[in-house]
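Structure first, commentary second.
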Amino acid sequence: MEDSIGGSSSNDNNIIKEQDRLLPIANVGRLMKQILPQNAKISKEAKETMQECVSEFISFVTSEASEKCRKERRKTVNGDDICWALATLGFDDYAEPMRRKSRTKIQEASTNQNDLC
Amino acid sequence: MMDNVGGSSSNIAENSGIIREQDRLLPIANVGKIMKQILPPNAKISKESKETMQECVSEFISFVTSEASEKCRKERRKTVNGDDICWALGSLGFDDYAEPLRRYLQRYREQELDRANNPPKRG
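Sequence lines, in order, name chains D and Z.
In terms of the UniProt record's numbering, the first sequence is numbered consecutively and its last residue is 117.
In terms of the UniProt record's numbering, the second sequence is numbered consecutively and its last residue is 123.
Pasting the structure below:
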């Protein structure tokens with residue numbers, strides 16, 4: 001992983017606005033807060049470090065999924081590609097629950113569709 | 001890692017044990033925007049893949065924060081700082097992330113120090 005945290009860009013102009021490169025700090029902080037004990041605090045620096053880290057994580061996984069699609073000559077990245085990328089990159093603990101969740105969502109969607117018919 | 005992706009909560013909506021979706025997940029538009037930056041211009045991203053990534057990112061944050069929190073608890077500290085996040089990443093095997101983030105943290109602190117020493121002049 002390079003030191004220039006933030007990944008590459010498909011934009012013509014290689015400068016990416018900060019708000020496009022990072023997830024909102026308030027949301028990141030809120031998620032972190034849910035995990036901590038009630039009396040714990042999170043420094044601004046910790047939230048910003050996590051912000052950078054999450055962007056890099058998304059870039060890392062998406063890049064791997066994108067490469068798979070390129071090799072298979074497909075234009076659309078789907079949920080299975082993300083799960084495959086997670087497993088390939090060693091996030092096996094993530095991949096299986098995600099696959100199950102994805103399957104459940106698809107089943108729910110088709111059930112709802114059948115109910116409408 | 002648990003299968004109920006999203007982690008536990010000490011900050012529960014209306015004490016009911018249910019965390020609202022918008023508190024548990026990061027905004028899908030922002031997640032999609034970051035993903036789009038990585039893909040070639042002609043590529044597309046399905047809604048399902050954004051939702052999968054959304055879930056995944058929440059779990060990643062929970063996972064790392066939980067480890068950092070445990071370190072603070074053991075050291076009897078109340079505030080989680082950037083070093084704790086870097087330590088947690090290294091501890092969980094994300095060594096590729098930890099080192100660049102330590103460098104980022106160093107630069108961040110230098111900038112903060114610089115800002116404190118040279119406050120902007122008011123016209």
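Cβ coordinates follow ideal geometry from the N, Cα and C atoms, glycine included.
These numbers come from a predicted model, not from an experiment.
Exercise for review: Determine the DSSP secondary structure at residue 68 (chain D), reduced to helix, strand or coil.
Suggested key: By 1-based counting over the first sequence, the position of residue 68 (chain D) is 68. Per DSSP, reduced to three states, the secondary structure at residue 68 (chain D) is helical.
**Study point:** Runs of alpha helix (DSSP H) wholly within the stretch 48-117 of chain Z (minimum 4 residues, chain order)
**Key:** 82-91, 95-117
Point to revise | Proximity test, Cβ basis, 8 Å: residue 28 (chain Z) and chain D | key: Counting from one through the second sequence, the residue named residue 28 (chain Z) turns up at place 28. No, no contact with chain D.
Exercise for review: Return helix, strand or coil for residue 44 (chain D), following the three-state DSSP convention.
Suggested key: Residue 44 (chain D) sits at position 44 when you count from the first residue of the first sequence. Three-state result, residue 44 (chain D): helix.
Practice item. Tell me whether the beta-carbon of residue 21 (chain D) lies closer than 8 Å to the beta-carbon of residue 55 (chain D). Key: The residue labelled residue 21 (chain D) in the question sits at position 21 within the first sequence. The residue labelled residue 55 (chain D) in the question sits at position 55 within the first sequence. A contact, by the Cβ cut-off of 8 Å.
Practice item. Using three-state DSSP, classify residue 44 (chain Z) as helix, strand or coil. Key: Position 44 of the second sequence, counted from the first residue, corresponds to residue 44 (chain Z). Residue 44 (chain Z): strand per DSSP, three-state reduction.
**Study point:** Contact list for the stretch 51-68 of chain Z against chain D, Cβ threshold 9 Å
**Key:** 51, 52, 53, 55, 56, 57, 58, 59, 60, 61, 62, 63, 64, 65, 66, 68
Point to revise | Close-in-space but distant-in-sequence residues of the same chain around residue 89 (chain D) (CB under 8 Å, 5 per side omitted) | key: One-based indexing of the first sequence puts residue 89 (chain D) at position 89. 60, 61, 64, listed in sequence order.
Point to revise | C-alpha distance - residue 41 (chain D) paired with residue 58 (chain Z), whole-angstrom precision | key: As a first step, residue 41 (chain D) must be located in the first sequence, where it is residue number 41. As a first step, residue 58 (chain Z) must be located in the second sequence, where it is residue number 58. Roughly 19 Å separates the two Cα atoms.
Practice item. Write down the C-beta distance between residue 145 (chain Z) and residue 82 (chain D) rounded to the nearest angstrom, noting that I regard them as a contact closer than 8 Å. Key: In the structure as shown, chain Z begins at 1 and stops at 123. Residue 145 (chain Z) is therefore absent and cannot be evaluated.
Point to revise | Residue-chain proximity (residue 46 (chain D), chain Z), Cβ-Cβ < 8 Å | key: Along the first sequence, read from residue 1 onward, the residue named residue 46 (chain D) stands at position 46. Yes - at least one Cβ of chain Z is within 8 Å of the one on residue 46 (chain D).
Review point. What separation, rounded to the nearest whole angstrom, lies between the Cα atoms of residue 94 (chain Z) and residue 80 (chain Z)?
Key: Here residue 94 (chain Z) is taken as the residue at index 94 of the second sequence, counted from 1. Here residue 80 (chain Z) is taken as the residue at index 80 of the second sequence, counted from 1. Distance between the alpha carbons of residue 94 (chain Z) and residue 80 (chain Z): 18 Å.
Practice item. Determine the direct distance from the alpha carbon of residue 76 (chain Z) to that of residue 42 (chain Z), and round the result to whole angstroms. Key: As a position in the second sequence, residue 42 (chain Z) is number 42, starting the count at 1. As a position in the second sequence, residue 76 (chain Z) is number 76, starting the count at 1. Distance between the alpha carbons of residue 42 (chain Z) and residue 76 (chain Z) is about 51 Å.
Practice item. May I ask you to list, following chain order, the residues of the stretch 24-39 of chain D that have a beta carbon less than 9 Å from some beta carbon of chain Z? Key: Residues 24, 27, 28, 30, 31, 32, 33, 34, 35, 36, 37, 38, 39.
**Study point:** Those residues which DSSP pairs with residue 76 (chain D) across a bridge
**Key:** Mapped onto the first sequence, residue 76 (chain D) falls at position 76. Beta-bridge pairing links residue 76 (chain D) to Z:44.
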